[in-house]
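If you read the sequence shown in our numbering, its first letter stands for residue 96, the second for the next number, and so on.
Note that the Cβ used here is the ideal one computed from N, Cα and C, for glycine as well.
Structure, as structure tokens:
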Amino acid sequence: MKQILLPLPRIIVCVFLFSLLYWSYLALNTRMSISCDSIGYEALGRLIQEHGFLPAYFKNNEPNREPLYPLLVSSSMYLERILGMGYTKIMAAYGVLILLMTQILIYIVMRLLNIRTGVCALALAYMGISPALNNTAFSLYSEIATYPFILLLILLNARAYQTIREGTIKDSLRIGFYLGLIFLAVTFIKAVFELVFFILCAAYVCILAASLFQRKNAIALNCLIVLVIFAASYQAPVLAYKSLNKKYNDHFVLTNRGSWALYGSCAVRAEKLTVERFLTAAASVPGRGFCEQTFGKEKCFFWGTEQSDLLGDTKLVEISRHTPASMVDQRMLELAKEKAMKNPAQFILLMGLDGLKMFFWESTQIGFVAYPPWMERMYHITLFKNGLRMLVSLLSLGGFLYLGVFIFKNFTAFLNGRASSPRIITGSFMFLIIAGYVGLHSLFNTVPRWALPLAPLYIITIGIMLDGMVPDRRKPQK
């Protein structure tokens, strides 16, 4: 690690310092707006602060949100009493520290990928001034907390792959435990990673099967150890948390927001798809604002979250009247499947459009933060806000596709345990996590904020694409 970080090029040091100064300025000159979901995070933080985590967090009519971010909010409220400073300002300070950690981790990953210094500096500089990333640091939403953990997952999976090939049994035990711990943390921020977990496990199972087929017993043993320890150290706390939800509110889940939201999305997609509805759905991909400017608010309302949430909430209330609480989620999922299978081709088509939305993460209009007047004016300049969003989104999609082509060419070597290039190893895990996360969210009526946990990875994929496409005198990466 020290060889990757040191010595730091002067331009990288300058980018770090500039970013830190810029974030500090924003922390002192912005104000959090507590509305929508942030009201819930504030309430959960106060609940933990006043009554403790156990068992108060679980004594509710239904499961609460994932616990790690509310615990962070609660810690800021604790410091508020000690320091005499508003908890929102303490959360802003947390945001600056998390952004700095994220920037450092992005640099480590890019250096591991052997990306040239100039491209690294460009990527880090944009990360420092990105309106969307900065918004997450100074609003009371949980996306900010995912950034360092997702990057640590990339690094740990790359390390696990090397350990499987070359490490000892002790090394395999250690890296499997670390993987489980970090994956647990990110799941306790965003529950969707409970499903991404199985995608990663499938990759390790393929590596294990290939090793057994080739009679590489040492590699197979290391892979089995990593897989078992990873699964055990992750699933044991997850099952314990679900058991507490089952004990106190009769739901064996991390959080129960998924079933009704999925039903609402499937119900919307099952409606008759006219030409006009398809065009408004396509126009909603770059953002609802673009659709409304093109077709009007009334026609675009059908594809908004208000419509799908209304259908999901209405059905949830209906089902809850005559279904035991422990069976409601299962019944909602069954009904969602029925809606999806009503017209599978149409569902897949609209699912693809929602998947594309996950690349349109950059925005100056996320809200929930009051900026200095000069920044508010700049963020509302039509050419700036639309041009930036479109440029970054197209680069993100291009970077993902570029990485996908590269991984496709080398995936056999990766699964066989023969990959030695850091770009193949690290890139493969990045591609799996991005594809899995996007694919799972495309089942729902997505909103731009859901894509933000992937933003650091998108920035890295853009760096990979630029590094590969721009001529360089160095020996090309194999």
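Whole-angstrom distance between residue j and residue i, CA atom to CA atom
{"i": "Ser169", "j": "Leu374", "result": "45 Å"}
{"i": "Leu235", "j": "Leu307", "result": "48 Å"}
{"i": "Cys301", "j": "Gly558", "result": "29 Å"}
{"i": "Phe148", "j": "Ile185", "result": "20 Å"}
{"i": "Trp118", "j": "Tyr221", "result": "13 Å"}
{"i": "Ser237", "j": "Tyr152", "result": "17 Å"}
{"i": "Glu506", "j": "Ile519", "result": "Here the sequence assigns Phe to residue 506, which means Glu is not the residue at that position. The straight-line gap from Cα to Cα measures roughly 8 Å."}
{"i": "Ser379", "j": "Leu167", "result": "34 Å"}
{"i": "Gly499", "j": "Pro243", "result": "23 Å"}
{"i": "Leu217", "j": "Glu157", "result": "46 Å"}
{"i": "Asn317", "j": "Phe293", "result": "19 Å"}
{"i": "Asn252", "j": "Ala530", "result": "16 Å"}
{"i": "Ala420", "j": "Met446", "result": "29 Å"}
{"i": "Ala232", "j": "Val191", "result": "7 Å"}
{"i": "Gly391", "j": "Arg383", "result": "10 Å"}
{"i": "Ala362", "j": "Ala435", "result": "8 Å"}
{"i": "His536", "j": "Gln441", "result": "17 Å"}
{"i": "Leu561", "j": "Ser114", "result": "22 Å"}
{"i": "Arg364", "j": "Lys452", "result": "16 Å"}
{"i": "Met564", "j": "Ile502", "result": "16 Å"}
{"i": "Pro467", "j": "Ile461", "result": "15 Å"}
{"i": "Tyr474", "j": "Asn230", "result": "12 Å"}
{"i": "Ile414", "j": "Glu433", "result": "15 Å"}
{"i": "Cys215", "j": "Thr400", "result": "37 Å"}
{"i": "Lys265", "j": "Phe524", "result": "23 Å"}
{"i": "Leu448", "j": "Ala376", "result": "7 Å"}
{"i": "Lys394", "j": "Arg544", "result": "23 Å"}
{"i": "Ala255", "j": "Pro439", "result": "38 Å"}
{"i": "Leu444", "j": "Gly534", "result": "13 Å"}
{"i": "Arg126", "j": "Lys437", "result": "47 Å"}
{"i": "Val110", "j": "Val464", "result": "24 Å"}
{"i": "Arg105", "j": "Met196", "result": "19 Å"}
{"i": "Phe495", "j": "Lys342", "result": "42 Å"}
{"i": "Leu334", "j": "Phe347", "result": "9 Å"}
{"i": "Pro102", "j": "Leu248", "result": "24 Å"}
For residue i: DSSP bridge partner residues
{"i": "Lys464", "result": "The amino acid occupying residue 464 in the given sequence is Val; Lys does not appear at that position. The partner list for Val464 (beta bridge, DSSP) reads Met127."}
Span of the alpha helix (DSSP H) around residue i
{"i": "Gly271", "result": "264–282"}
{"i": "Ile245", "result": "238–261"}
{"i": "Leu213", "result": "Checking the sequence, you will find Gly at residue 213 rather than Leu. 212–224 is the span of the alpha helix (DSSP H), which, as asked, contains Gly213."}
{"i": "Glu371", "result": "370–378"}
{"i": "Asn344", "result": "312–344"}
{"i": "Phe503", "result": "477–510"}
{"i": "Met525", "result": "517–536"}
{"i": "Trp355", "result": "353–365"}
{"i": "Val585", "result": "With the chain running from 96 to 573 in the structure shown, residue 585 is simply not present."}
{"i": "Gly133", "result": "In the sequence on display, residue 133 carries Ser and not Gly. That run of the alpha helix (DSSP H) goes 132–146."}
{"i": "Val300", "result": "288–308"}
{"i": "Lys394", "result": "392–395"}
{"i": "Ala435", "result": "420–437"}
{"i": "Pro165", "result": "163–178"}
{"i": "Glu413", "result": "400–417"}
{"i": "Leu552", "result": "550–564"}
Anticipated Cβ contact below 8 Å, residue i with residue j, distance rounded
{"i": "Ala240", "j": "Ile201", "result": "That belief does not hold up - the Cβ atoms of Ala240 and Ile201 are roughly 16 Å apart, past 8 Å."}
{"i": "Glu332", "j": "Leu279", "result": "Position check: residue 332 holds Pro in this sequence, whereas Glu was assumed. Their Cβ separation, rounded to whole angstroms, is 5 Å, which keeps Pro332 and Leu279 in contact under 8 Å."}
{"i": "Glu457", "j": "Leu483", "result": "6 Å"}
{"i": "Pro548", "j": "Lys154", "result": "Not confirmed; about 29 Å, so no contact."}
{"i": "Glu161", "j": "Phe272", "result": "Contact doesn't hold; Cβ gap of about 22 Å is too wide."}
{"i": "Arg260", "j": "Gly512", "result": "6 Å"}
{"i": "Ile107", "j": "Leu250", "result": "Not a contact, Cβ separation roughly 18 Å."}
Residue-level contact to chain D via CB, residue i, 8 Å cutoff
{"i": "Leu274", "result": "Structure shown: chain D not included; a single protein chain is present."}
Residue i beta carbon near the ligand ADP (any heavy atom closer than 7 Å)
{"i": "Asn155", "result": "Absence of the ligand ADP is noted for the structure shown, with no ligands found whatsoever."}
Three-pair Cβ contact test at 8 Å for the segment 390–407 versus the segment 527–546:
yes
Does the segment 410–428 come close enough to the segment 355–364 to have 3 or more Cβ pairs within less than 8 Å?
The segment 410–428, when compared against the segment 355–364, does touch it at the 8 Å Cβ threshold.
The segment 115–122 in contact with the segment 185–198 per 3-pair CB rule at 8 Å:
yes
Counting beta carbon pairs with one atom in the segment 132–143 and one in the segment 220–232, are three or more of them shorter than 8 Å?
No, the segment 220–232 is not in contact with the segment 132–143.
Are the segment 195–211 and the segment 546–555 in contact at 8 Å, needing three or more beta carbon pairs?
With a cut-off of 8 Å, the segment 546–555 and the segment 195–211 count as touching, because enough Cβ pairs lie within range.
Does the segment 361–375 touch the segment 314–330, meaning 3 or more C-beta pairs lie closer than 8 Å?
Taking 8 Å as the limit for Cβ pairs, the verdict is that the segment 361–375 does not touch the segment 314–330.
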